[in-house]
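Chains as they are written, first to last, in the working numbering: chain A, 7 to 103; chain B, -3 to 115; chain C, 3 to 125. For each residue, glycine too, the CB sits at the ideal point set by N, CA and C. Note that the coordinates shown come from a computational prediction; the quantities given were computed from them, not determined experimentally.
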Amino acid sequence: MLHTINKSPFETTTFETCIRFLISADPILLIEDGVYAVQAGNKFSSSIETILKTNPVYALQPDLSARGITAITDGVQCIDYDGFVGLVEEHQVNSWF
Amino acid sequence: MKIGILLKEGPYNHQASDTAFKFAEAAIAKGHTVDAVFLYNDGVTNVTKLMDPPQDDRNISARWSELSQKHGVEILACIAASKRRGINDDVLVQGTAITGLGTLTDIAIRNDRLVTFGD
Amino acid sequence: MENENINKIMHVLRHAPHGTIYTYEGLEMILIMAAYEQDLSVVFIGDGVYALKKSQDTSGIGMKGFAKTFMALDGYDVEKLYVDKLSLEERGLTEDDLVVDVEVLDSATIGSLMKEQDVIIHH
C-alpha cells in the first residue's frame, strides 16, 4: 500500500494520522504541500528518521523545487512523476489529504 | 496497467487538479492506459468551457479536453455533484461528459488502480 | 483476492459533517456503491467521527441533516462500520454518543484492514 500525503505537517494532522496507520515496509510519498515535512532540520526531521527505519519515504521533486526546498532529511528519496507512476505500479494507493 | 483517477477538487484553488494531470501524463508516457478521470465534489468544475484564465496561466479545462481527445481518456463529471454546482452539458468542454456514481464504481472495479487526488 | 469479481473498497470519512460537504457527498457515493455488491467498508477517522454524533440538529443552519442516513446503511448491506479508537477518545466521545452500532478498532487493526483493500477513497 502506497500512502501519499499532500498536506504540510505544520498545517494539519494528516501527516501524523497517516503515520499512525502505517504498516512496516509500505512506502510514503509526500506531494504538494506534504513535501515541507522532509526539509532538513525541521520539527519533523526526527519523525522522518524514525519512519525511515521501517518504511521508505519519497518526496516529489517538482513539488520540492517549486517550494525552494533543497536540503532534504537524509534517506528520503526524491522522485519525479515518472517515479510516482512507478510506485503506483507496485502498490495500491491510499491518498491522504 | 489500467489506471482510473478520482479528482475531488476544482481547478486553481488547490493543486490537486494539476497533480492529477501531471500523474496522468506520466502514466500514459510510461505506456499505461489511463481509463478515466472521474470528477467529484468541486472537481466537476474542472471541465467548464466558461473557464477563461489569464493568457500566461494554464487553462485547466482545455488541458483535460486535450488529454481526452489525444489519449482517449474518459473525463467524467458526477451528475449529482454537477447539478449542485451549475455544471451541465451546455458548459462542458469537448471530450468530457456527465455521468452517475455507478460509473465511478465500474471504474474502481475494472481498473488495476484507482488513484485519488483531493485536498 | 478470494473472489476476483468482488473488490474490497474502503471509504474513509475524515471531515466533520457540516463545515464542508465532503462527508455528505461521501455518504452519497457509499450509498450508490452499495448497490454494486462489492466488499464495502466505512472507516471514521479524526473529525469524521463527529458525523456519527447523536443529537445533531441542523435546522438552524439551513442544511439537511444526515446523521440518520448512517443508520440506513445496514439496509443497504453496508455493515462494516469502523471507528478509530484514538479519534473517539481524543474527542471525549464513547460508542454511546454515536447514532449507529460500530466496531471501535485500534490503529494497527485499521492499518491492516487498509492494507487488504483494492481501493481506498478518502472523503
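Which residues in chain B have a C-beta closer than 8 Å to the C-beta of residue i? List them in chain order.
{"i": "C/His17", "result": "Going along chain B, no residue has its Cβ under 8 Å from C/His17, so there is no contact; the nearest lies around 11 Å."}
{"i": "A/Val99", "result": "Arg109, Leu110, Val111, Thr112"}
{"i": "C/Met2", "result": "Any property of residue 2 of chain C remains undetermined from this structure, which presents chain C solely from 3 to 125."}
{"i": "C/Val121", "result": "Ala104, Leu110"}
According to DSSP, is residue i part of a helix, a strand, or is it coil?
{"i": "C/Met3", "result": "Confidence at C/Met3 is low in this model, with a pLDDT of 46, below 50, so its placement is unreliable and no value can be given for it."}
{"i": "A/Asp39", "result": "helix"}
{"i": "A/Ile29", "result": "coil"}
{"i": "A/Val91", "result": "helix"}
{"i": "A/Asn100", "result": "strand"}
{"i": "B/Leu63", "result": "helix"}
{"i": "C/Ala74", "result": "helix"}
{"i": "A/Lys13", "result": "coil"}
{"i": "A/Val104", "result": "The shown model of chain A, from 7 to 103, leaves out residue 104 of chain A, and the question about it has no answer."}
{"i": "B/Arg81", "result": "coil"}
{"i": "B/Val30", "result": "strand"}
{"i": "B/Gly0", "result": "strand"}
{"i": "C/Asp108", "result": "coil"}
Less than 9 Å separating the beta-carbons of residue i and residue j?
{"i": "B/Lys4", "j": "B/Gly39", "result": "yes"}
{"i": "C/His17", "j": "C/His125", "result": "yes"}
{"i": "A/Ile54", "j": "A/Thr79", "result": "yes"}
{"i": "A/Gln104", "j": "A/Met7", "result": "An answer regarding residue 104 of chain A cannot be provided, because it is not within the stretch 7 to 103 covered by chain A."}
{"i": "B/Val69", "j": "B/Val33", "result": "yes"}
{"i": "A/Pro15", "j": "A/Gly47", "result": "no"}
{"i": "C/Ser43", "j": "C/Lys10", "result": "yes"}
{"i": "C/Ile8", "j": "B/Leu97", "result": "no"}
{"i": "C/Ile112", "j": "C/Val45", "result": "yes"}
{"i": "C/Val85", "j": "C/Leu115", "result": "no"}
{"i": "C/Gly67", "j": "C/Asp59", "result": "yes"}
Since residue i contacts residue j with CB under 8 Å, what's their CB separation in whole angstroms?
{"i": "B/Gly129", "j": "B/Ser57", "result": "Outside the shown range of chain B, which is -3 to 115, sits residue 129 of chain B, and nothing can be said about it."}
{"i": "A/Ile29", "j": "C/Lys117", "result": "5 Å"}
{"i": "A/Val82", "j": "A/Val94", "result": "A/Val82 to A/Val94, Cβ: 19 Å. No contact."}
{"i": "B/Ile94", "j": "B/Ile71", "result": "Their Cβ separation, rounded to whole angstroms, is 10 Å, which puts B/Ile94 and B/Ile71 out of contact at 8 Å."}
Give me the chain A residues within the contact set of residue i, using Cβ-Cβ distance strictly less than 8 Å, ordered along the chain.
{"i": "C/Ser114", "result": "Ile29"}
{"i": "C/Lys117", "result": "Met7, Ile29, Asp32"}
Determine the chain A residues that contact residue i at a beta-carbon separation under 7 Å, and present them in chain order.
{"i": "B/Lys18", "result": "Tyr87"}
{"i": "B/Met(-3)", "result": "Glu95"}
Which chain C residues are close to residue i, counting only those with a beta carbon under 8 Å from its beta carbon?
{"i": "A/Phe90", "result": "Correct list: empty, because the minimum Cβ distance to chain C is about 17 Å."}
At a CB-CB cut-off below 9 Å, which residues of chain B make contact with residue i?
{"i": "C/Tyr78", "result": "In chain order: nothing, as chain B lies at least about 13 Å away."}
> Along the stretch 16 to 28 of chain A, what residues have a CB closer than 8 Å to any CB found in chain C?
Replying inline: Thr19, Thr23, Arg26, Phe27, Leu28
> In the stretch 28 to 50 of chain A, which residues sit with their C-beta less than 7 Å from some C-beta in chain B, listed in chain order?
Replying inline: Ile37, Glu38
> At a Cβ cut of 9 Å, what residues of the stretch 34 to 48 of chain C count as close to chain B, listed as they run along the chain?
Replying inline: Ile34, Met35, Ala37, Tyr38, Gln40
>> Please list, in chain order, the residues of the stretch 69 to 98 of chain B that have any C-beta partner in chain C closer than 9 Å.
In response: Cys74, Ala76, Ala77, Arg80, Gly96, Leu97, Gly98
> Name the residues in the stretch 47 to 65 of chain B whose C-beta lies less than 9 Å from a C-beta of chain C; which are they?
Replying inline: none
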